[in-house]
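What follows is a single structure, written as structure tokens, with notes after it.
Number of protein chains: 2
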Amino acid sequence: MTPITAGSGRSLTDLFVEAAKQALDDSGAHRVDSIYVGNMMSGFLQNQEHLGALMATALGREGVPTYKVEGACASGGVAVNAAVKALLSGFEEIVLVGAVEKMSGYTTPEVTAGLMMAEDRLKVASTGVTFVGLNAMIAREYMHRYRVTHESIAQFPVLCHRNALDNPKAQFRKKIKIQDVLQSPLVADPLRLLDCSGIGDGAAAIVLAPKNVAKKFTDSPVEVAASTVASDTISLYQRPNITTFEASRQAADRAYKLAGVKPKDIDVLEVHDAFSILGVMALEDLGFAQKGSGTQLLGDGECSRDGRLPTNTFGGLKARGHPVGASGLYQVAELAMQLKNEAGKCQVPGARVGLAQSVGGIGSTVAIHILRGIN
Amino acid sequence: MTPITAGSGRSLTDLFVEAAKQALDDSGAHRVDSIYVGNMMSGFLQNQEHLGALMATALGREGVPTYKVEGACASGGVAVNAAVKALLSGFEEIVLVGAVEKMSGYTTPEVTAGLMMAEDRLKVASTGVTFVGLNAMIAREYMHRYRVTHESIAQFPVLCHRNALDNPKAQFRKKIKIQDVLQSPLVADPLRLLDCSGIGDGAAAIVLAPKNVAKKFTDSPVEVAASTVASDTISLYQRPNITTFEASRQAADRAYKLAGVKPKDIDVLEVHDAFSILGVMALEDLGFAQKGSGTQLLGDGECSRDGRLPTNTFGGLKARGHPVGASGLYQVAELAMQLKNEAGKCQVPGARVGLAQSVGGIGSTVAIHILRGIN
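Top to bottom, those sequences are chains H and W. Anchor point for the first sequence: position 108 equals 107 in numbering that gives the first Met the number 0, and the numbering is continuous, going up by one each time. Anchor point for the second sequence: position 203 equals 202 in numbering that gives the first Met the number 0, and the numbering is continuous, going up by one each time.
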């Protein structure tokens with residue numbers, strides 16, 4: 000992973016290559032049979048597509064099959080899923096999956112418009128509503144329906160900022176309190192600045208291989224126990240209940256079955272907290288709390304690194320950072336570090352099973368990965 | 000397939016849904032396990048990403064995993080390849096693959112800039128060179144190196160226009176002569192207007208399933224005998240020889256091996272003739288002619304529908320049309336129609352084995368499909 004920063008001044012290629020080379024060096028793999036690139040906004044912001052061939056060339060790996068995979072903010076997670084299927088097809092044995100996003104260096108209206116590419120342009124984005132606005136509607140409805148206060152929800156970013164203090168690659172390494180969240184500038188009522196992830200540049204990469212091949216390279220491979228993707232309607236207005244992401248539930252259900260585990264077996268969790276309310280909803284949609292009661296886990300300290308369900312242990316989207324198309328891969332890479340006992344000061348002792356949830360658009364695409372340490 | 004037109008005034012969704020519904024109706028498949036969408040320019044031109052969830056919603060199929068796959072002008076072919084691997088993974092049984100591009104309704108500089116997203120933005124596109132310009136360099140070098148005249152190369156668009164006369168969905172249904180090509184307006188010396196494919200809107204779709212499943216739906220399924228992708232350097236200046244596309248050779252070599260066929264076994268061929276010179280080069284890179292002698296096949300009439308190697312039988316990119324990210328899927332769909340004996344007036348009698356070559360960028364990504372009628 001590269002550190003996540005705003006104003007890096009670095010190119011897409013530069014960011015991607017740093018992460019990819021780290022992953023290749025770390026894995027010990029000399030050969031790469033294909034390259035999958037997750038990204039959401041390069042066409043709009045950098046006027047650059049064809050990231051597959053671009054990155055293969057930058058890595059001196061041209062010749063291999065390359066794929067850019069896009070699923071809005073879940074692009075990183077969806078790219079991992081596509082790569083897993085490529086491995087299972089038998090066509091490829093060693094696959095490099097990387098994801099990159101460069102969001103800084105543009106005006107706020109530009110980035111805001113870019114993010115709205117995840118919603119229906121003609122019917123919704125054209126109205127002028129922003130993604131913060133859509134999430135504010137969800138937060139308002141959630142607070143009303145379940146009688147939950149903003150104060151309770153604000154525990155989520157507080158948790159993330161605390162965890163990020165120990166992550167040298169995090170974008171925001173600054174402790175915050177609940178009052179800081181509630182007093183930060185209003186962005187879209189009720190969401191305030193510290194409810195929202197920021198704008199950042201970053202890239203992450205992993206190397207995937209079948210178990211028998213991976214064992215040649217490392218004594219501590221991490222198993223992909225499940226990799227699933229589900230979709231939902233592209234637009235929020237098309238949903239009967241906006242306080243749950245059906246795609247999250249569906250993708251998680253299938254993942255639990257594939258991995259043969261239940262929510263109680265998860266030792267470390269990474270959820271897509273682009274906005275504080277999404278972090279809380281994820282705890283519920285993934286089966287860790289009843290609907291409307293997610294914040295109780297936070298209040299009981301269960302989501303802390305020394306709790307029963309350590310969550311967003313490197314700082315999550317809020318504090319580690321959210322370079323949108325890359326975030327799903329940061330999550331998977333962080334889980335892998337946890338399960339290899341290489342998470343440094345962020346380590347959850349004895350973590351064996353991890354789950355990552357990556358969300359694209361307003362819950363319209365969700366990728367779930369369950370990883371298992373196989374030492 | 001939708002008809003290809005400029006100025007359709009139709010949305011991406013509208014185009015995609017027409018093609019997808021045709022494909023689903025034609026296949027008889029009620030269930031769809033996943034949706035793959037090939038597209039190159041929607042982020043740049045329509046400010047719309049997340050085409051996976053967008054199209055799933057438009058089809059009333061939300062819930063299933065969705066993927067947007069991008070590989071520049073080869074996006075359609077690359078999407079088919081990714082879907083084939085998904086089937087082989089065993090995760091999915093019935094996959095809808097569609098591809099769509101809407102290029103009309105924008106200024107020529109806008110579309111030209113969008114197409115340059117397939118090259119390296121920072122190092123090449125920033126110089127102001129266009130894709131016609133890059134292909135003109137190739138044409139000039141090819142003509143010089145192999146002593147081939149423009150007149151010989153111009154046989155390619157003449158062939159395509161002749162074939163398109165019989166294709167009701169073709170964009171340009173107008174017979175042209177070699178002299179028309181040579182006298183058409185100069186675009187980038189030596190390439191003239193009739194050497195170049197046009198700007199158009201279109202979508203195509205197919206349904207893929209394992210053989211045993213496909214046989215439940217049709218008595219005449221078409222087998223994907225090989226599906227390969229290869230890459231090359233993102234930029235033309237990085238190549239030792241610009242008159243051959245190494246990725247085309249590599250992808251084709253692997254495809255012939257996988258399918259267990261040789262060039263002489265191909266009954267019908269679809270090549271990526273975005274510019275006349277590329278059509279000629281494809282005949283060589285795919286193994287049908289020695290380097291520098293591709294035009295001889297044209298002169299001998301071998302590429303005509305009644306020749307030994309019927310090529311671009313529905314009009315190719317030049318005359319059927321080239322909605323960039325969708326063209327690779329038009330090719331595959333056209334081959335399928337040929338092999339099912341459903342190609343109407345474009346039919347090549349007795350065609351059993353077909354090959355499609357889809358090129359992204361300046362030969363930086365190439366997808367090859369070999370299909371076989373299994374009646």
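For every residue, glycine included, the Cβ atom is placed at its ideal position computed from N, Cα and C.
Under 9 Å Cβ-Cβ, which residues of chain W neighbour residue i?
i	result
residue 248 of chain H	The contacting residues do not exist; residue 248 of chain H stays about 11 Å from chain W at best.
residue 237 of chain H	56 and 61
residue 76 of chain H	Per Cβ cutoff of 9 Å: no residues; residue 76 of chain H is ~11 Å from chain W at best.
Closer than 7 Å, CB to CB, is residue i near chain W or not?
i	result
residue 264 of chain H	no
residue 336 of chain H	no
residue 365 of chain H	no
residue 6 of chain H	no
residue 117 of chain H	yes
residue 142 of chain H	no
residue 324 of chain H	no
residue 202 of chain H	no
residue 278 of chain H	no
residue 42 of chain H	yes
Taking a contact to mean a Cβ-Cβ separation below 7 Å, would you say residue i touches residue j in this structure?
i	j	result
residue 228 of chain H	residue 80 of chain H	yes
residue 361 of chain W	residue 133 of chain W	yes
residue 328 of chain W	residue 75 of chain W	yes
residue 55 of chain W	residue 65 of chain W	yes
residue 14 of chain H	residue 202 of chain H	yes
residue 86 of chain W	residue 94 of chain W	yes
residue 358 of chain H	residue 371 of chain H	no
residue 268 of chain H	residue 242 of chain H	no
residue 206 of chain W	residue 26 of chain W	yes
residue 283 of chain H	residue 290 of chain H	yes
residue 250 of chain W	residue 285 of chain W	no
residue 223 of chain H	residue 83 of chain H	yes
residue 153 of chain W	residue 131 of chain W	no
residue 204 of chain H	residue 97 of chain H	yes
residue 314 of chain W	residue 169 of chain W	yes
Any idea if residue i is buried or exposed, counting beta-carbon neighbours within 10 angstroms, 16 or more meaning buried?
i	result
residue 101 of chain H	buried
residue 143 of chain W	exposed
residue 141 of chain W	buried
residue 231 of chain H	buried
residue 50 of chain H	buried
residue 255 of chain W	buried
residue 191 of chain H	buried
residue 272 of chain H	buried
residue 24 of chain W	exposed
residue 67 of chain H	buried
residue 53 of chain H	buried
residue 166 of chain W	buried
residue 148 of chain H	exposed
residue 119 of chain H	buried
Would residue i count as contacting chain H if we go by Cβ distances under 7 Å?
i	result
residue 66 of chain W	yes
residue 232 of chain W	yes
residue 260 of chain W	no
residue 100 of chain W	no
residue 136 of chain W	no
residue 69 of chain W	yes
residue 104 of chain W	no
Going along chain W, which residues have a C-beta under 7 Å from residue i?
i	result
residue 120 of chain H	45, 46 and 47
residue 84 of chain H	84, 85, 88 and 90
residue 360 of chain H	49 and 52
If we cut at 7 Å on Cβ distances, does residue i have a partner in chain B?
i	result
residue 370 of chain W	This model lacks chain B altogether, as its protein chains are H and W.
Could you work out which residues of chain H lie near residue i, taking near to mean beta carbons separated by less than 7 Å?
i	result
residue 228 of chain W	64
residue 53 of chain W	119 and 233
residue 375 of chain W	Absent from the model: residue 375 of chain W. The displayed extent of chain W is 0 to 374, so no value can be given.
Along chain W, in chain order, which residues have C-beta atoms closer than 8 Å to that of residue i?
i	result
residue 199 of chain H	Result: empty, since nearest Cβ-Cβ is about 19 Å, beyond 8 Å.
residue 10 of chain H	121
What residues of chain H sit near residue i, judged by a beta carbon separation below 8 Å?
i	result
residue 112 of chain W	46
Just checking, does the segment 23-37 of chain H make contact with the segment 52-64 of chain H on the three C-beta pairs under 8 Å criterion? yes
Below 8 Å, can you find three or more Cβ-Cβ pairs linking the segment 190-209 of chain W to the segment 316-328 of chain W? yes
Check whether the segment 290-303 of chain W touches the segment 335-353 of chain W, taking contact to mean three or more Cβ pairs, one atom from each stretch, closer than 8 Å. no
Inter-stretch contact (C-beta, 8 Å, three-pair minimum) for the segment 123-130 of chain W and the segment 277-287 of chain W: no
Whether or not the segment 103-113 of chain W and the segment 104-122 of chain H are in contact is what I'm after, with contact meaning three or more pairs of Cβ atoms, one per stretch, closer than 8 Å; do they touch? no
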